[in-house]
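Down below is the structure, laid out as structure tokens.
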Amino acid sequence: MEDSTDGHHDTAPSVPRLLDEVDRLGQRFATAEAQRLFLGLDFDGTLAPHVDDPSAAQPTAENQQVVQALSRLERIDIAVISGRALDDVRDRVGVAGVEYAGNHGLELDGVSPLSDPDAIRSKIQTVCNRLETEIDHEGCEIENKEITATVHYRRVDDERTTARIRSIVDTVVEDGGGLRCTRGANIVEIRPAIDWDKGEAVRWFLQRYSEECLPMYIGDDTTDEDVFRAIAPEGIGVHVGTDETAATYRVDGVGEVTTVLQWLADTGMDELVGKGDSSP
Ligand SMILES: [Mg+2]
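And the structure:
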């Protein structure tokens with residue numbers, strides 16, 4: 049991605065490729081204690097290729113099939129955690145037996161980390177209305193996801209325009225109060241200024257377990273870095289791409305995500321968890 053909130057630029061990654069290490073992964077992470085695997089997955093750029101029109105994004109057939117196959121295994125719990133609205137990501141993945149979290153983990157089934165969701169909805173609506181008026185570039189889309197919003201500018205191809213869009217968003221969000229921006233791949237996310245992110249959502253999933261659980265998370269975006277930090281050092285963080293990352297490993301793209309998930313389904317689950325279980 050061309051910009052990053054901490055000002056770092058892409059460098060040759062020192063993070064090993066997961067597919068180069070996969071033979072040793074079981075040894076490194078298998079502990080007699082870990083009885084379950086929690087597998088967290090981002091959606092866009094991880095299960096589904098990035099596309100110019102975000103409303104057209106679909107998981108690859110291979111990823112959909114392997115997630116389905118994994119969801120039928122014992123000793124694994126899967127959650128897809130996306131910046132999309134909860135219903136949107138659930139509909140697109142369409143696998144039952146998988147949990148979903150939307151809006152960067154702010155939208156969880158049956159619980160909200162927001163103290164006043166209605167107030168946030170109203171602020172987001174106001175900000176979106178102003179952005180619709182002030183940004184007149186047709187390649188830019190403003191998506192109201194109720195408790196967050198996304199400004200998409202993947203289809204804007206000159207840098208002066210994207211810089212102008214980002215600057216307008218910054219100003220409008222600052223005026224809105226109680227909201228903040230985070231930047232991703234050709235998007236700006238507008239969300240409540242509270243201390244809750246995808247990492248907190250994963251912590252929320254993990255605190256439900258009474259038995260030892262090994263967390264693994266695969267994602268491509270800056271918002272996924274919060275998860276990599278949250279599950280370090282015990283968990284397996286996998287960054288999709290070549291950007292600087294807090295993840296333990298990286299993979300090259302959506303196709304390699306399939307390879308990793310397929311490995312999990314075939315042999316990885318047995319290598320990673322349940323070694324202490326002597327039942328046949
Ligand atoms: Mg993503």
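In the working numbering, the protein residues as written are 49 to 328.
Heads up, the beta-carbon is just placed ideally off N, CA and C, and yes, glycines get one too.
If you're wondering where the values come from, they're calculated on a predicted model, not measured in any experiment.
Separation of K171 and R231 (C-alpha to C-alpha, rounded to the nearest whole angstrom) is 19 angstroms. In its own chain, leaving out the 5 sequence neighbours on each side, no residue places its CB closer than 6 angstroms to the CB of E222. Contact residues of ligand 1 (beta-carbon closer than 5 angstroms to any heavy atom; chain order) are D90, D92, G93, D268, D269. Proximity of the segment 92 to 108 to the segment 61 to 77 falls short of the contact definition, fewer than three beta-carbon pairs being nearer than 8 angstroms. The way I'd put it, the segment 233 to 252 does touch the segment 271 to 281; three or more beta-carbon pairs between them come closer than 8 angstroms. Counting only unbroken stretches of 3 or more residues, the beta strand (DSSP E) elements lying wholly within the segment 197 to 262 are 197 to 200, 227 to 232, 235 to 240, in sequence order. For V299, the secondary structure class from DSSP, reduced to helix, strand or coil, is strand. Measuring C-alpha to C-alpha distances from Q113 to each of R239, I242, A144 identifies A144 as the nearest. Within a 10 Å sphere around the beta-carbon of Y297 sit 16 or more other beta-carbons, which makes this residue buried. For A149, the enclosing beta strand (DSSP E) starts and ends at 147 to 150. Closest in alpha carbon position to C176, among T209, E189, D125, is E189. Around the C-beta of P64, fewer than 16 other C-beta atoms lie within 10 Å, and the residue is accordingly described as exposed. Within the DSSP secondary-structure output, I190 pairs in a beta bridge with V199. For L85, the secondary structure class from DSSP, reduced to helix, strand or coil, is strand.
By the Cβ neighbour-count rule, T306 is buried, with 16 or more other Cβ atoms within 10 Å of its own. Nearest Cα to I242 within the set V236, C229, R203: C229. An exposed status is given to P281, since fewer than 16 other beta-carbon atoms sit within 10 Å of its beta-carbon.
For D139, no beta strand (DSSP E) run applies; the uninterrupted alpha helix (DSSP H) run containing it begins and ends at 134 to 141, by DSSP. Distances from the CA of Q83 to each of V99, G187, E259, V141 were compared; the closest alpha carbon is that of E259.
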